[in-house]
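For the sequence shown, my numbering begins at 4 and goes up steadily by one. Don't be surprised by glycine CBs; every beta carbon is placed ideally from N, CA and C.
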Amino acid sequence: MEILLVTGISGGGKSQAIKFLEDIGYFCMDNIPIVLLPKIYELFNESETCHNRIAFVTDIRNREFLHNTEDVIRKLKANKDIKFSMLFMECSDAVILNRYKEHKRRHPIADDDTDNAKAVAIEREYIGELKDYADYVIDTSNYSIWDLKREITKLFGKGNKQKGIKVECMSFGFKHGIPTLCDLVFDVRFLPNPYYVPELKNLTGLDEAVRDYVFSMKETQQFMKKLTSMLKFLLPHYEKEGKDVLVVGIGCTGGRHRSVALTEALKANLAESGYSATSMHRDMNNDFNHRYR
């Protein structure tokens, strides 16, 4: 049985993480005192449940039980019938406070004498020690909700794993920020920009006219050849080190023309070489990147 303990800072994304874990097959339970985990495991084990991947959330709402954390984790990790791991959801104070402000909500331990800022500081004192035991830490300070879903799936979505490393090719615009999930990032702003060609301005890198323009240049062809060759060299080594997914980001100014065309070409080149490759265009449709709340 796999048991995943999810904890972290309130407002850091635990609720969304649990939803995404459910989507990939976890049986999830929220607001569970950590001292109860061994007993809950025994109940699941005795009932011969079909659930073999279980995720629990514990946080500041159960702070009276946090002093037993080390003993409980040690006991769970010592059980050879359990594959135990722990996920800690982190976030900067500024982003957390802004989330509470936007949603007009109070921190779980805030009251008339304790505002949200003070509550966050108190929580870090209580919950901070749990981070030392975490196998995984996700900082959602700069994540969109889609970034979080992708990271949860990348870390824990093992149900439909394909043979061999998977390559996720992502186009983006530097003016919208570099995607935090990228393992490798390549800047293609050295190529002439189709945006300044009137008949191409309102098209995207998915349109044939833009693709033809971008790849009509010798430097584009050389870059794509070298990039594909380098990745074909790197991928077996990443796979050897146990990496299941490699996210390759290709960025131009706005993420609409050059990066899109090259991302599609890279996906096709890798697929032809036998790799499982997908493409995603984060900024192609202007400000589609809604920030995670």
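CA-to-CA distance, residue j to residue i, given in whole angstroms
i	j	result
Cys185	Val200	30 angstroms
Tyr278	Ile63	44 angstroms
Met233	Lys152	28 angstroms
Phe47	Asn272	47 angstroms
Asp74	Asp26	31 angstroms
Arg77	Glu222	56 angstroms
Val9	Asp210	43 angstroms
Lys178	Lys86	42 angstroms
Asp84	Gly28	19 angstroms
Gly11	Phe218	47 angstroms
Ala274	Leu230	14 angstroms
Val140	Ser18	15 angstroms
Asn101	Glu49	45 angstroms
Gly245	Phe91	22 angstroms
Lys22	Phe193	41 angstroms
Lys164	Asp247	Any reading at Lys164 must be qualified, since the residue scores a pLDDT of 45, below 50, and its modelled position is unreliable; the value itself is stated next. Cα to Cα, the separation comes out at about 8 angstroms.
Ile99	Thr61	18 angstroms
Glu126	Met173	36 angstroms
Asn145	Ala97	11 angstroms
Pro197	Asn205	9 angstroms
Gly258	Arg285	7 angstroms
CB-CB length for residue i against residue j, believed under 8 angstroms
i	j	result
Cys31	Leu39	Cys31 to Leu39, Cβ: 15 angstroms. No contact.
Val183	Asp135	At residue 183 the sequence reads Thr, which differs from the Val that was named. Not really, about 23 angstroms apart at Cβ, beyond 8 angstroms.
Lys235	Ser276	6 angstroms
Asp14	Cys94	According to the sequence as given, residue 14 is Gly; it is not Asp. Gly14 to Cys94, Cβ: 6 angstroms. Contact.
Met4	Ile57	7 angstroms
Val170	Ile253	About 12 angstroms; that fails the 8 angstroms criterion.
Ile35	Thr72	Wrong, their Cβ atoms sit about 13 angstroms apart, outside the cutoff.
Among the options, the one whose alpha carbon lies nearest that of residue i
i	options	result
Phe147	Ile12, Met4 and Ala20	The sequence given here places Ser at residue 147; Phe does not occur at that position. Out of Ile12, Met4 and Ala20, Ala20 has the C-alpha closest to the C-alpha of Ser147.
Ala268	Gln224, Ile168 and Arg56	Gln224
Thr266	Val60, Met287, Lys246 and Glu45	Met287
Gly167	Leu249, Thr256 and Ala137	Leu249
Val251	Val188, Asp114, His54 and Val140	Val188
Asp138	Lys80, Lys243 and Pro195	Lys80
Phe226	Ala264, Gly258 and Asn34	Ala264
Ile6	Pro197, Leu238 and His54	His54
Asn82	Thr117, Pro41 and Asp116	Pro41
Met220	Pro195, Met283 and Ala280	Pro195
DSSP bridge partner residues for residue i (one or two, in chain order)
i	result
His110	According to DSSP, His110 bridges with nothing at all.
Gly11	Met92
Tyr139	Leu90
Ala280	Val170
Ala58	Leu7 and Cys31
Asp190	Gly254
Gly208	Its beta-bridge partners do not exist; DSSP assigns none.
Gly16	Beta-bridge pairing links Gly16 to no other residue.
Buried or exposed (CB count within 10 angstroms, at least 16 for buried), residue i
i	result
Phe175	buried
His110	buried
Gly160	buried
Lys104	exposed
His240	exposed
His260	buried
Asn119	buried
His106	exposed
Arg108	exposed
Gly131	exposed
Glu45	exposed
Lys270	buried
Met89	buried
Glu128	exposed
Ala212	exposed
Contact test: residue i Cβ vs the ligand MG heavy atom, cutoff 7 angstroms
i	result
Glu5	Because no ligand of any kind appears in the structure shown, any question about the ligand MG cannot be addressed here.
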